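Using the numbering used here, read the sequence shown as starting at 196 and increasing by one per residue. Ideal Cβ placement from N, Cα and C applies to all residues, glycine included. Note that the structure is predicted; figures quoted are calculated from it, not measured.
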Amino acid sequence: MPPAGENLTHDDGSRAPTVAEWLRSAEARLQSAGVESPRMEAQVLAAHILRVDRSWLFAHPEHEFNDLAGENLLSRRLNHEPLAYLTGKREFFGRRFRVSPSVLIPRHETEILVEEVLKEASDAKRVLDIGTGSGCIAITCKLENSSLEVWATDVSGPAIEIARENAETLGAEIIFRLADLFPEADNKFDLIVSNPPYIGREEPLAPEVVDHEPHLALYAEEEGLAIYRRLAQEAKGHLVVGGKIFLEVGYTQADKVVTLFEESGWSHVRTVMDLAGVPRCVVLQPVTG
Ligand SMILES: C[S@@+](CC[C@H](N)C(=O)[O-])C[C@H]1O[C@@H](n2cnc3c(N)ncnc32)[C@H](O)[C@@H]1O
Numbered sequence: 196m197p198p199a200g201e202n203l204t205h206d207d208g209s210r211a212p213t214v215a216e217w218l219r220s221a222e223a224r225l226q227s228a229g230v231e232s233p234r235m236e237a238q239v240l241a242a243h244i245l246r247v248d249r250s251w252l253f254a255h256p257e258h259e260f261n262d263l264a265g266e267n268l269l270s271r272r273l274n275h276e277p278l279a280y281l282t283g284k285r286e287f288f289g290r291r292f293r294v295s296p297s298v299l300i301p302r303h304e305t306e307i308l309v310e311e312v313l314k315e316a317s318d319a320k321r322v323l324d325i326g327t328g329s330g331c332i333a334i335t336c337k338l339e340n341s342s343l344e345v346w347a348t349d350v351s352g353p354a355i356e357i358a359r360e361n362a363e364t365l366g367a368e369i370i371f372r373l374a375d376l377f378p379e380a381d382n383k384f385d386l387i388v389s390n391p392p393y394i395g396r397e398e399p400l401a402p403e404v405v406d407h408e409p410h411l412a413l414y415a416e417e418e419g420l421a422i423y424r425r426l427a428q429e430a431k432g433h434l435v436v437g438g439k440i441f442l443e444v445g446y447t448q449a450d451k452v453v454t455l456f457e458e459s460g461w462s463h464v465r466t467v468m469d470l471a472g473v474p475r476c477v478v479l480q481p482v483t484g
């Protein structure tokens, strides 16, 4: 519970708003700015400022609200800063991950990729997550199947730091490497998973994304296909015989990615759709024999 009875009277003698008043006004301003879920976001911001659960707000509508702290965060949100960067956290697969502007905010679609990996990870020993960002894929795989040996790479040092911190907080033992796609050459993996940067430079993006998320995590050359092309050429040498690669793809990219891999000697295992019927994940395997 936040400190009660704090004197939040303003310098001009006016009183601070109550929680309910601040929520109403914040919701209206977020709505005018075109934020999709203004009520929920106002509640998340208020709960974050007061360091309480959202449910506490409904039980204490008359509590005084620190509207200076509120105004600061609200104006950043109205300036399109993503909610997850303001609160510093995002849920993924039912767990709370710390995020900062150094890492992509984990997306719900990526949970599909993790589910596909886990389906085939029961007897797998080594899994490599390429471009780990917050660590959400690697850490979730390890926590859902503790028998796996999970490695994770990223070219971004600050991202690896956040991923390490999440691994420690959530209790997952992961081998992290600051590396361009693959760790040391003599390591082979049973499964490779990646949600690589796949957005083409020309693609229009919401200001929340383009102005605030790391471009290293978003963009790839060749209309977003450049990292897939490198993976198609290089990943075979890092897989054991019978190994597979699991890739998240952009909403128009599944067929292009499959073709690109097939041209480099891979066979298509399956494509997985999201709930909206959009192809989101492709699974491939090197052609043998
Ligand atoms: C789309 S983000 C995915 C982050 C996280 N795996 C997720 O799903 O939320 C792509 C990540 O790949 C990293 N990255 C970009 N180029 C890379 C490269 N050549 N080698 C390794 N990581 C790379 C970026 O720094 C970023 O963290």
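In the DSSP assignment, find the unbroken beta strand (DSSP E) run with residue i in it and report its ends.
i, result
"K288", "According to the sequence shown, residue 288 is Phe rather than Lys. From DSSP, F288 is part of no beta strand (DSSP E); its letter is neither H nor E."
"H463", "W461 to M468"
Could you check where the alpha helix (DSSP H) with residue i kicks off and where it finishes?
i, result
"D450", "A449 to E458"
"V404", "P402 to V405"
"P233", "P233 to L245"
"L269", "D262 to L273"
"H303", "Careful: H303 lies outside any alpha helix (DSSP H) and carries neither H nor E."
"S250", "R249 to A254"
"E429", "A421 to E429"
Can you look up residue i in the DSSP assignment and give me helix, strand or coil?
i, result
"S329", "coil"
"K439", "strand"
"R210", "coil"
"P392", "coil"
"A367", "coil"
"A347", "strand"
"P353", "helix"
"F292", "strand"
"Y446", "coil"
"F377", "coil"
"V312", "helix"
"L413", "helix"
"L386", "strand"
"L299", "coil"
Tell me the DSSP bridge mates of residue i?
i, result
"T483", "Answer is none; T483 lacks a bridge partner."
"E259", "T213"
"S342", "In DSSP, S342 forms no bridge with anything."
"V473", "In the DSSP output, where bridge partners are listed per residue, V473 has none listed."
"D324", "A347 and V388"
"V230", "According to DSSP, which records beta bridges pairwise, V230 is partnered with nothing at all."
**OP:** Give a yes or no on contact between the region 342-357 and the region 319-326, applying the rule of three or more CB pairs nearer than 8 Å.
**Re:** yes
Original post:
Are the region 385-400 and the region 411-420 in contact at 8 Å, needing three or more beta carbon pairs?
Top reply: yes
**OP:** Determine contact between the region 413-424 and the region 277-285, defined as no fewer than three beta-carbon pairs at a distance below 8 Å.
**Re:** no
**OP:** Please confirm if the region 351-361 is in contact with the region 287-296, defined as three or more CB-CB distances below 8 Å between the two stretches.
**Re:** yes
Original post:
Are the region 251-266 and the region 429-438 touching by the rule of at least three beta carbon pairs closer than 8 Å?
Top reply: no
**OP:** Please confirm if the region 370-388 is in contact with the region 435-445, defined as three or more CB-CB distances below 8 Å between the two stretches.
**Re:** yes
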